[in-house]
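A short worksheet on the structure shown next.
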Amino acid sequence: MSDSVKFKCTKCGQLIEVTADKFDLPVSCPACSYYSVPPMDVRPQPLPKHDSPTVSDLKPVNQEDQAGSMDFRKYIAVGAGVGLFIGYLLRPSVALGGQLPFIAVITRGSTLQGLDQMLIPAAQTSFNYMLVGGIVGAVGGFLTTKFMSKK
Numbered sequence: 019m020s021d022s023v024k025f026k027c028t029k030c031g032q033l034i035e036v037t038a039d040k041f042d043l044p045v046s047c048p049a050c051s052y053y054s055v056p057p058m059d060v061r062p063q064p065l066p067k068h069d070s071p072t073v074s075d076l077k078p079v080n081q082e083d084q085a086g087s088m089d090f091r092k093y094i095a096v097g098a099g100v101g102l103f104i105g106y107l108l109r110p111s112v113a114l115g116g117q118l119p120f121i122a123v124i125t126r127g128s129t130l131q132g133l134d135q136m137l138i139p140a141a142q143t144s145f146n147y148m149l150v151g152g153i154v155g156a157v158g159g160f161l162t163t164k165f166m167s168k169k
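If you read the sequence shown in this note's numbering, its first letter stands for residue 19, the second for the next number, and so on.
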């Protein structure tokens, strides 16, 4: 593709050269000062778009690779679930009350009312225990898949 095109002025026929940055703008003729726009047939044509792949371009799916990626996700999900459960079981106790109920923990204490609002920091800490347990469990599930795939 060239950086400029030449075309004739529509009024006087004078040859005008236009640079690439002015293809779509009216250009003043140096001879008669009439403004002309380069005709469509002399403008550079856009490159053809790449067609979508055909059936012959596609590679068959390896069933073993696909099954391995599903195991990968399963181990991470199971590890996260187990970690959340262990984090919930290991949550701290509060004085004179034991451990907080699940709803108070999962909402970080936003459901607590009245005097129970003093327990919001404990609910937030309990939620953090669950969150850390879930993250550690997911990482453990991920590492399990990596060590199992090396066998």
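We treat Cβ as the ideally placed atom computed from N, Cα and C, and that holds for glycine. Here the structure is a predicted model, which is why all the values come from computation and not from measurement.
Residue i, DSSP secondary structure in three states
i: Ser46; result: strand
i: Leu108; result: coil
i: Met19; result: In this predicted model, Met19 has a pLDDT of only 47, less than 50, meaning its place in the structure is not dependable enough to derive any value.
i: Tyr93; result: helix
i: Ser51; result: coil
i: Thr28; result: coil
i: Ser167; result: helix
Own chain residues within Cβ distance below 7 Å of residue i, not counting five before or after
i: Val150; result: Gly105
Sequence-distant residues of the same chain with beta carbon closer than 6 Å to residue i, five excluded per side
i: Asp162; result: Sequence inspection shows Thr at residue 162; the Asp mentioned does not correspond to that position. The answer, listed in chain order, is Tyr93.
i: Arg126; result: Ala141, Gln142 and Phe145
i: Ile121; result: Thr129
C-beta contact flag for residue i and residue j at 8 Å
i: Ile34; j: Phe25; result: yes
i: Thr28; j: Ser54; result: yes
i: Met148; j: Leu102; result: yes
i: Ile124; j: Leu130; result: no
i: Ala113; j: Gly152; result: no
Close Cβ partners of residue i (< 8 Å) along its chain, the five nearest in sequence each way excluded
i: Ser22; result: Glu35, Val36, Thr37 and Ala38
Quiz item: For the segment 112-139, which segments carrying the alpha helix (DSSP H) assignment without a break, of at least 4 residues, lie completely within its bounds, in sequence order?
Solution: 120-124
Quiz item: Okay, do the segment 153-167 and the segment 133-144 touch, 3+ Cβ pairs below 8 Å being the bar?
Solution: no
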